[in-house]
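J.: Please read through the structure below; I'll follow up with questions.
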Amino acid sequence: MLTMQNVSMVYRTESVETHALRDFSLEVDEGEFVSVTGPSGSGKTTFLNIAGLLEEFTSGTYKLDGKDTNSLGDTERSRLRNEKIGFIFQSFNLIPELDIFDNVDVPLRYRGFNAAERKRRIDHVIDMVGLGSRKKHLPSQLSGGQQQRVAIARALAGEPRFLLADEPTGNLDSEMAESVMQLLEDINSKGTTIIMVTHEPNLAARAKRNIFVRDGRISTGEPELQVAVGG
Amino acid sequence: MELGPIWRALIRNKSSYILIALQIAATMALMVNAVSIIQERTRMMSRSSGTDEANIFQIYSMSFDPAQDYQAMVAADLDAIRGFPGVANAVVTNSLPLRQGGWSQDLKTEPGTDNEGSGVAIYFVDEHGVDTFGLNLVAGRNFEVTDVSWFDPDAGPRWPGLVIITEAMATELFPDARPADTVGKTAYIDNDIPVTIIGVLEKMQAPWKDWAGVERSMLVPMKRGDGFARYVIRAEPGYRDELIPQIEQMLAERDTGRVVDGAATMTEIRANAYLEDSAMIKLLVFIVSLLTAITSLGIVGLASFSVARRTKQIGTRRALGAPKAAILRYFMLENFLISSVGVVSGAVIAVGLNMWMVQRFNLTPISWYIIPVAMIALWLVGQCAVYGPARRASLVSPAIATRSV
Ligand SMILES: Nc1ncnc2c1ncn2[C@@H]1O[C@H](COP(=O)(O)OP(=O)(O)O)[C@@H](O)[C@H]1O
Ligand SMILES: [Mg+2]
Chain A
43 MLTMQNVSMV YRTESVETHA LRDFSLEVDE GEFVSVTGPS GSGKTTFLNI
93 AGLLEEFTSG TYKLDGKDTN SLGDTERSRL RNEKIGFIFQ SFNLIPELDI
143 FDNVDVPLRY RGFNAAERKR RIDHVIDMVG LGSRKKHLPS QLSGGQQQRV
193 AIARALAGEP RFLLADEPTG NLDSEMAESV MQLLEDINSK GTTIIMVTHE
243 PNLAARAKRN IFVRDGRIST GEPELQVAVG G
Chain B
125 MELGPIWRAL IRNKSSYILI ALQIAATMAL MVNAVSIIQE RTRMMSRSSG
175 TDEANIFQIY SMSFDPAQDY QAMVAADLDA IRGFPGVANA VVTNSLPLRQ
225 GGWSQDLKTE PGTDNEGSGV AIYFVDEHGV DTFGLNLVAG RNFEVTDVSW
275 FDPDAGPRWP GLVIITEAMA TELFPDARPA DTVGKTAYID NDIPVTIIGV
325 LEKMQAPWKD WAGVERSMLV PMKRGDGFAR YVIRAEPGYR DELIPQIEQM
375 LAERDTGRVV DGAATMTEIR ANAYLEDSAM IKLLVFIVSL LTAITSLGIV
425 GLASFSVARR TKQIGTRRAL GAPKAAILRY FMLENFLISS VGVVSGAVIA
475 VGLNMWMVQR FNLTPISWYI IPVAMIALWL VGQCAVYGPA RRASLVSPAI
525 ATRSV
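Line order of the protein sequences matches chains A and B. Under my numbering, read the first sequence as residues 43 to 273, first letter to last. Under my numbering, read the second sequence as residues 125 to 529, first letter to last.
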């Protein structure tokens, strides 16, 4: 469902060129749970941004569901993000001035669902992440783990086929991290494809497939390095 | 529409927005009342004096020789002025509309001292008065040469029994009669001297623009023959400005012993009469523009700040599927809601302020339509002001969502 061929990404500022991805090629099939590890600055977030249509790349091809994303305009990319992709961020990215219900509602409004349909979906996903009694709470009134579960609910409400998570447990203690990880495994078992960037080898190891990124490239067959990876 | 969540987010941050909403409310209240005052003044200023203002000017002559025959001098001056090329007609009179100084007396429909009269402005003219002022005689007849007498400055007017009045005066005296039907009726001046109405003018303003009876005027067929003679002259179209120095010179040369002075066009007399009003209008326009400019700068500032503060949120919304247009719309709608709070409370304040000013300063109440017009104007100002920051917000990259800010 996701095919990248020789994708390169160069960030240019006045003085420096950063090759964040170099000839990056990867295929991910429907239903996979892929973990991505690698040293800091190796290009993991850049890869995720490109995969999630948050950023355009410098060269190469990226097909999502067989569709070449190079030719898409901003409106179409926004629509694909909204319908096919769910995002989970390290710092949760909940909107502080909206309560939990309204936060989960954000992508559904862009989708154009009517009020009844939105409410049905919001209630369903909030119950699913176990926060049914907190709908009227503001994000600041929840713990980190709870906020991340709200963010997961928000990512799932549109029933995306594809979930991208950038260090979803990076800001959580191990107990909360475990509950979030279980939630993700649960979601994957129901058929949603997940790509998760993480720093934690034991979480990465639970994915069905591991990718190790170094210097903007996928390096293969070095599982022992994964263990050595850190912050 | 996403009004619900935008409104709830605003309410949770109300301290950031309350000041700008208040500023919009104050601008609205001031704008409505200023527009109302401007309207009122403009309406006053645009009233017609009933005369051919564009072509009329005055000049006066002052003589100091007690032995001189002033009646002969005025008669000869008038002949000379009327015969001057470019002059349409001329008359010797005591005042003219908008001059802010003149003669008025009471007219009564019954003789005697007990009953109330109605004030009327008096213009002393000869048979050329109606034509010189360019007045519209709608009923009855003009004066004839034989109707006109000389005014003895020492004895005061010996009222000739004939007058011409304006429609407004006719209605004031005889509210039940059509103005034209007052021709032939008798009124009383100096309590018991009868005067017969022989003609009715469509319009001729009294000299005092602020007088409640400004439309009530009367022509009396008398000429003043004393040392001071005010000549009102109507030029043929296009000749007014060149005629003024020529007539001045001609009059001065005809009698070197006098002072010829006071040349003023009716355009100047009008501008002078309404000087304060037009200054007031300019001041109010300036204040309202300034306030509107300050308010829109405030909106730009607040919106820019709020866009900068919410960069990450904007990126997140983009990541979750908001197209650029949705981000633009978010900030436009947010401003619309803030402005709505402002203009609605502004409307309430405006009406309150107006009610107070009506009582206190005798202003006219606001015309109701100014309120929705001002609301729409301020909504538009807000939308224009917020467009720049909102557009910048729509250009925030969705990648901001994953990059730590
Ligand atoms: N917007 C940007 N402008 C310039 N350089 C960037 C930008 N984003 C990322 N980079 C650089 O690209 C490289 C890869 O970054 P990133 O993908 O965030 O790495 P990781 O997520 O693996 O830590 C880093 O060297 C980083 O500094
Ligand atoms: Mg990263």
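For every residue, glycine included, the Cβ atom is placed at its ideal position computed from N, Cα and C.
Quick one: Cα of GLU118 of chain A to Cα of ASN112 of chain A, how far?
T.: Their backbone Cα atoms lie some 11 Å apart in a straight line.
J.: Is the Cβ of LEU421 of chain B closer than 8 Å to any Cβ of chain A?
T.: So no, LEU421 of chain B is outside the interface.
J.: Quick check: is any heavy atom of ligand 2 less than 7 Å from the C-beta of LYS436 of chain B?
T.: No, the Cβ of LYS436 of chain B stays beyond 7 Å of every heavy atom of ligand 2.
J.: Nearest to SER221 of chain A by CA position, among A:SER185, A:ASN145, A:ASP71, is which residue?
T.: When each option's Cα is compared against that of SER221 of chain A, the closest is A:SER185.
J.: Do the stretch 80-100 of chain A and the stretch 58-65 of chain A make contact, defined as three or more Cβ pairs closer than 8 Å?
T.: As far as the Cβ criterion goes, the stretch 80-100 of chain A touches the stretch 58-65 of chain A, which means the pair count is three or higher.
J.: Out of B:ASP385, B:GLY422, B:THR175, state which residue places its alpha-carbon closest to the alpha-carbon of ILE183 of chain B.
T.: Out of B:ASP385, B:GLY422, B:THR175, B:ASP385 has the C-alpha closest to the C-alpha of ILE183 of chain B.
J.: Please identify, using Cβ separations under 9 Å, the residues of the stretch 93-111 of chain A that lie next to chain B, in order along the chain.
T.: Taking 9 Å as the Cβ-Cβ cut-off against chain B, the residues of the stretch 93-111 of chain A that qualify are GLY94, LEU95, LEU96, GLU97.
J.: For LEU343 of chain B, list the residues DSSP reports as bridge partners.
T.: For LEU343 of chain B, which the question treats as bridged, DSSP gives the partners B:TYR247, B:ILE288.
J.: Measure how close the beta-carbons of SER77 of chain A and ALA246 of chain A come, nearest whole angstrom, since I'm counting them as under 8 Å.
T.: 4 Å between Cβ atoms; contact.
J.: Taking the beta carbon of PHE429 of chain B as the centre, do at least 16 other beta carbons fall within 10 Å, making it buried, or is it exposed?
T.: Flag for PHE429 of chain B reads exposed.
J.: Would you call ARG167 of chain B buried or exposed, if buried means 16 or more other Cβ atoms sit within 10 Å of its Cβ?
T.: Exposed.
J.: Strictly closer than 5 Å from CB to any heavy atom of ligand 1: give me those residues in the order they appear in the chain.
T.: Qualifying residues, in the order they occur: A:TYR53, A:THR60, A:ALA62, A:SER82, A:GLY83, A:SER84, A:GLY85, A:LYS86, A:THR87, A:THR88.
J.: Cα-Cα, which of B:SER228, B:THR237, B:THR233 is closest to VAL244 of chain B?
T.: Per the Cα distances, B:SER228.
J.: Kindly list, in the order they appear in chain B, the residues whose Cβ is closer than 7 Å to that of PHE275 of chain A.
T.: Past the boundaries of the shown model lies residue 275 of chain A; chain A is included only from 43 to 273, so the question cannot be answered.
J.: Which same chain residues, not among the five before or five after ALA219 of chain A, have their C-beta less than 6 Å away from its C-beta?
T.: Only THR211 meet the Cβ criterion.
J.: With DSSP collapsed to three states, give me the class of GLU69 of chain A.
T.: Strand, per DSSP.
J.: Would you kindly check if the distance between the Cβ of ASN135 of chain A and the Cβ of THR440 of chain B is under 8 Å?
T.: Cβ atoms of THR440 of chain B and ASN135 of chain A: closer than 8 Å.
J.: Is the beta carbon of PHE181 of chain B sitting closer than 8 Å to the one on ARG364 of chain B?
T.: Yes, the Cβ-Cβ distance between PHE181 of chain B and ARG364 of chain B is below 8 Å.
J.: To which residues does DSSP link TRP274 of chain B through a beta bridge?
T.: BP columns for TRP274 of chain B point to B:LYS347.
J.: How is ALA246 of chain A classed by DSSP in three states: helix, strand or coil?
T.: It is helical.
J.: Do you know whose CA, among B:PHE298, B:ARG206, B:SER187, lies nearest GLY253 of chain B's CA?
T.: Nearest option by C-alpha distance: B:ARG206.
J.: Start and end of the beta strand (DSSP E) containing VAL262 of chain B?
T.: 261-264 is the span of the beta strand (DSSP E), which, as asked, contains VAL262 of chain B.
J.: What separation, rounded to the nearest whole angstrom, lies between the Cα atoms of ALA517 of chain B and SER101 of chain A?
T.: Approximately 28 Å, taken between the alpha carbons.
J.: Measure how close the beta-carbons of ILE127 of chain A and LEU206 of chain A come, nearest whole angstrom, since I'm counting them as under 8 Å.
T.: The Cβ separation is near 6 Å, so the contact holds.
J.: Put VAL269 of chain A into one of helix, strand or coil per three-state DSSP.
T.: Because VAL269 of chain A carries a pLDDT of 45, less than 50, the predicted location of this residue cannot be relied on, and the following value inherits that uncertainty. In this structure, VAL269 of chain A counts as helix in the three-state DSSP scheme.
J.: Between the C-alpha atoms of ILE162 of chain B and VAL409 of chain B, what's the straight-line distance to the nearest angstrom?
T.: Cα-Cα distance, rounded: 8 Å.
J.: Run the CB neighbour count on MET479 of chain B, radius 10 Å, all protein chains shown included, and call it buried at 16 or more, exposed below.
T.: So MET479 of chain B counts as exposed.
J.: Can you find a CB in chain A that lies within less than 8 Å of the CB of GLU126 of chain B?
T.: By this cut-off, GLU126 of chain B is an interface position.
J.: Just the Cα atoms here: how many angstroms apart are VAL271 of chain A and PHE254 of chain A?
T.: With a pLDDT of 43 at VAL271 of chain A, under the threshold of 50, the predicted position of this residue should be treated as unreliable, and no value is reported.
J.: Give me the residue from A:THR240, A:MET43, A:LEU140 with the minimum Cα distance to ASP110 of chain A.
T.: The option with the nearest alpha carbon to ASP110 of chain A is A:MET43.
J.: For ALA294 of chain B, which residues from the same chain have a beta carbon less than 6 Å from its beta carbon, with the 5 sequence-adjacent residues on both sides left out?
T.: Cβ within range, chain order: PRO303, THR306, VAL324.
J.: CB-CB under 7 Å to GLY351 of chain B, same chain, minus the five flanking residues each way: which ones, in chain order?
T.: Closer than 7 Å at the Cβ level, and outside the excluded window around GLY351 of chain B, lie MET186, SER187, PHE188, TYR194.
J.: Could you confirm whether any beta carbon from chain B is found closer than 8 Å to the beta carbon of ASP208 of chain A?
T.: True, the Cβ-Cβ gap to chain B drops below 8 Å.
J.: Nearest chain B C-beta to GLY273 of chain A closer than 8 Å, yes or no?
T.: For GLY273 of chain A, the predicted model reports a pLDDT of 40, less than 50, meaning its position is unreliable; a value from the coordinates is still stated below. By this cut-off, GLY273 of chain A is not an interface position.
J.: On a Cα-Cα basis, can you pick out the residue from A:GLU72, A:ASN48, A:PRO81 that is closest to PHE66 of chain A?
T.: Ranking the options by Cα distance to PHE66 of chain A, first place goes to A:ASN48.
J.: Is ASP208 of chain A near ligand 2, going by C-beta to nearest heavy atom under 7 Å?
T.: Yes, the beta carbon of ASP208 of chain A sits closer than 7 Å to at least one heavy atom of ligand 2.
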